[in-house]
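Below is one structure; the comments refer to it alone.
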């Protein structure tokens, strides 16, 4: 883990839609990251090929190698995804499938934001939580939050303009930062040598 002055947060939207409220929320979260935190919005979801275990065992396709490099460089990952047909979008599930065999998310601190209207998006969150549990991601519970974002709250620059939503997104990023800071300052287990 790097010092907090060098913390890197990877933001992954489960949407490939150009005007996605999920991506807008993450873009806003990136803009609100505190000093010393670099928040990077992953933009390769649509380029990932369909997962195949055969390609996972050899040299991965370039888009997969790029994803894995970004995950390896990240201290934590924040997901924000829509729900399609009561479940995770196939593109996000595909991304997650590419991480299983290589353990890219194993032990990685992670959180999610649900920007759907109250009571919506729960199927996608249930599936995301199941997969993240399977890969033993370290869930940052205080940062797993519902922050509804109306489509008309997205400004022309692709960020959320609603001040209450912005405050909630900022608090979410701060919760992740606080978790990483506490984790980084926790005493390390001493192994007798």
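Numbering (my numbering), first residue to last: 7 to 199.
Just so you know, even glycine gets a beta-carbon here, dropped at the ideal spot from N, CA and C.
All figures in this text were calculated on a predicted structure; none of them were measured in a lab.
Taken through DSSP and simplified to helix, strand or coil, residue 115 comes out as strand. Counting other Cβ atoms within 10 Å of its Cβ, residue 111 reaches 16 or more and is therefore classed as buried.
Assigned with DSSP and collapsed to three states, residue 90 falls in strand.
A contact is defined here as three or more CB-CB pairs under 8 angstroms, and the stretch 46 to 65 fails this definition with respect to the stretch 111 to 123.
Burial state of residue 147 is exposed, judged by a 10 Å Cβ sphere holding fewer than 16 other Cβ atoms. Put simply, of 123, 153, 118, 124 the residue whose alpha carbon is nearest the alpha carbon of residue 139 is 118. Assigned with DSSP and collapsed to three states, residue 38 falls in coil, not helix or strand. Cβ-Cβ distances below 6 angstroms link residue 149 to 117, 178, 181, 182 in the same chain, with the five nearest sequence neighbours on each side left out; the list follows chain order.
If you check the CB distance, residue 15 and residue 81 come in under 8 angstroms. The three-state reading of DSSP puts residue 14 in strand, counting E and B together. Under the Cβ criterion (8 angstroms, minimum of three pairs), the stretch 93 to 102 counts as touching the stretch 122 to 141. In terms of Cα proximity to residue 36, the closest of 184, 165, 185 is 165.
For the pair residue 141 and residue 105, the CB atoms are nearer than the 8 angstroms cut-off. Rounded to whole angstroms, the gap between the alpha carbons of residue 62 and residue 40 is 36 angstroms. Looking from the CA of residue 47, the closest CA among 33, 38, 60 belongs to 33.
About 6 angstroms separates the CB atoms of residue 175 and residue 38; that is less than 8 angstroms, so the two are in contact. By the beta-carbon neighbour count (other beta carbons within 10 angstroms, threshold 16), residue 26 is buried.
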